[in-house]
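*Asks:*
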Amino acid sequence: MPADAAFRTRMIVCFAIVYVVWGSSYLFTSLGVHRLPPFLFAGIRFIIAGIALTAIARARGQRIALDATDLRQLAVMALLSVVVSNGANVWAMQWVPSNQSALLNVSSSFWIAIFGLYGARGHPIDARTALGLALGFLGTLAIVWPRNGFVTTNVLPQLAILAGCVGWAAGTIYFRNARKSLDILAFTGLQMFAGGMILTAIGLGLGEHREWTWSPIGLMAMFYLTVFSSCLAYTAYAWLAQHTTPARVATYGYVNPALATLLGWWVLDEHLTGIELAGMAVILAGVVLVNWPEEIATPESPG
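Position in the sequence shown counted from 1, then plus 24, gives you our numbering.
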């Protein structure tokens, strides 16, 4: 297979993984945080995923010895992309419905595109991309806007989700611009382990261990999020963050809520209205605009 074709195929596969797995993560996160204490639920998940990814990286001969630069970069990414982003979301989803959480998480796409204007690898937003991002937002709004309006008593959890989105976007662009000596797999594993340790420490400090139960549904949700969301999708996302534009990476924030709504209709027998179907069509149009084929750039690092 020609190099450009192999690169495009890998990009398509990585986008598909991120879209499908993270689109389903809202359902599993909601199941988990309503049965297990949130910070321990998230922390243990990331510790296990981090150990697994680091072990795989070591078995493949990747370097895991750290210098001062590695430690600084891992600390920043663990705080932004694990502790702030995931920690805020799992805490807030105790009160915020999964579909509303999906909508609020769309804001990360805007921050990724905006933060992506700056740094060593800053990438401008053209008119077509801006239109695609706007269409994606409008389509997502049509899909997950609650029929009875937002619940005003959930303002603090909603703000926490928005803060987590800013942290996620900042981590994405930091990772994209940083000159890393570690391979993606090793870096991701160590980052998850460090972030998971911090989340677990927060949970223990809050006394969550006294609330822990061996809920089968909660443990099933943790297993799914550990293996598929943390290990598989997170690695695919890290690769995309280095090999495509911030605006294209940001499209996951539009597709995921659509999939989250579909799963609610399929698994939970939720009604899917004509407006929601129209919103999915608008999202698809926005994704097509952002990802319209251009001349393929040479991969910036070996696959």
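A virtual CB, placed ideally from N, CA and C, is assigned to each residue, including glycine.
1. In the DSSP assignment, find the unbroken alpha helix (DSSP H) run with Pro181 in it and report its ends.
2. Closer than 7 Å by C-beta to Ala265: which residues in its own chain qualify, once you throw out the five before and the five after it? Chain order, please.
3. Is the CB-CB distance between Arg69 and Thr250 below 8 Å?
4. Across the segment 101-108 and the segment 228-235, are there enough close Cβ pairs to call them in contact, namely three or more that are closer than 8 Å?
5. With C-beta atoms as the reference, is Val311 less than 8 Å away from Gly74?
6. If you draw a straight line from the alpha carbon of Ala202 to that of Gly298, how long is it in whole angstroms?
7. Could you tell me the alpha carbon to alpha carbon distance between Ser205 and Asp94, rounded to whole angstroms?
8. If we call anything under 8 Å between Cβ atoms a contact, is Ile226 one with Phe63?
9. Mapping the DSSP letters down to three states, classify Thr224 as helix, strand or coil.
10. Spatial neighbours of Gly156 within its chain, please: CB distance less than 6 Å, with the 5 preceding and 5 following residues excluded, ordered by chain position.
11. Alpha carbon to alpha carbon, how far is Thr224 from Ser254?
12. On a CA-only basis, which of Phe217, Phe31 and Gly213 is nearest Gln86? Give me that one, please.
13. What's the call for Trp238, buried or exposed, on a 16-neighbour Cβ count within 10 Å?
14. Are there 16 or more other CB atoms within 10 angstroms of the CB of Pro270, so buried, or fewer, so exposed?
15. Whole angstroms is fine: what's the gap from Leu57's alpha carbon to Ala116's?
16. Does the beta carbon of Val311 sit closer than 8 Å to a beta carbon anywhere in chain D?
17. Need the endpoints of the alpha helix (DSSP H) that Ser105 sits in, please.
18. I'd like the span of the alpha helix (DSSP H) that includes Gln266, first residue to last.
19. Report the three-state DSSP secondary structure of Ala321 (helix, strand or coil).
20. Can you tell me whether DSSP reads Val130 as helix, strand or coil?
21. Is Phe31 helix, strand or coil by DSSP?
22. Ignore the nearest five residues each way along the sequence and tell me which others in Gln182's own chain have a CB closer than 8 Å to its CB.
23. Closest to Leu283 by CA distance: which of Met216, Phe52, Arg152 and Ala99 is it?
24. Under 8 Å, do Val42 and Tyr278 count as touching if we go by C-beta distance?
25. Could you compute how far the alpha carbon of Gly67 sits from the alpha carbon of Tyr50?
26. For Tyr258, which option in Ala99, Tyr276, Ala305 and Val179 has the closest C-alpha, if you only look at C-alpha atoms?
27. If you drop the 5 nearest sequence neighbours on each side, which residues of the same chain put their C-beta closer than 7 Å to that of Ile307?
28. Output needed for Met304: all residues of its chain with C-beta closer than 6 Å, excluding positions within five of it in sequence on either side, in chain order.
29. Near Val98, which residues of its chain fall below 8 Å by C-beta distance, leaving aside the five closest residues on each side in sequence?
30. What do you reckon, is the C-beta of Asp91 under 7 Å from a heavy atom of the ligand PLP?
31. Could you check the C-alpha separation between Ala76 and Val190 for me, to the nearest Å?
32. Can you check which of these residues, Ala40, Ser54, Pro148 and Val130, is closest to Leu186 by C-alpha distance?
*Replies:* Let me lay it out:
1. Val179 to Asn201
2. Thr196, Phe199, Arg200 and Val273
3. yes
4. no
5. no
6. 44 Å
7. 7 Å
8. yes
9. helix
10. Gly310, Leu313 and Val314
11. 16 Å
12. Gly213
13. exposed
14. buried
15. The question names Leu, yet the displayed sequence has Val at residue 57. C-alpha separation (whole angstroms): 9 Å.
16. No chain D is present in this structure, which holds just one protein chain.
17. Run containing Ser105: none; DSSP gives neither H nor E here.
18. Tyr258 to His267
19. Because Ala321 sits at a pLDDT of 42, beneath the cut-off of 50, its placement in the model cannot be relied upon, and the following sentence gives the value as read from the coordinates. Three-state result, Ala321: coil.
20. coil
21. helix
22. Ala116, Val120, Gln124, Leu128 and Phe174
23. Phe52
24. no
25. 17 Å
26. Tyr276
27. Gly160, Gly163, Thr164, Tyr278, Val279 and Ala282
28. Ala282
29. Rather than Val, the amino acid found at residue 98 in this sequence is Leu. The residues are Leu90, Phe211, Leu214, Gln215 and Ala218.
30. Here there are no bound small molecules, and the ligand PLP is not part of this structure.
31. 28 Å
32. Val130
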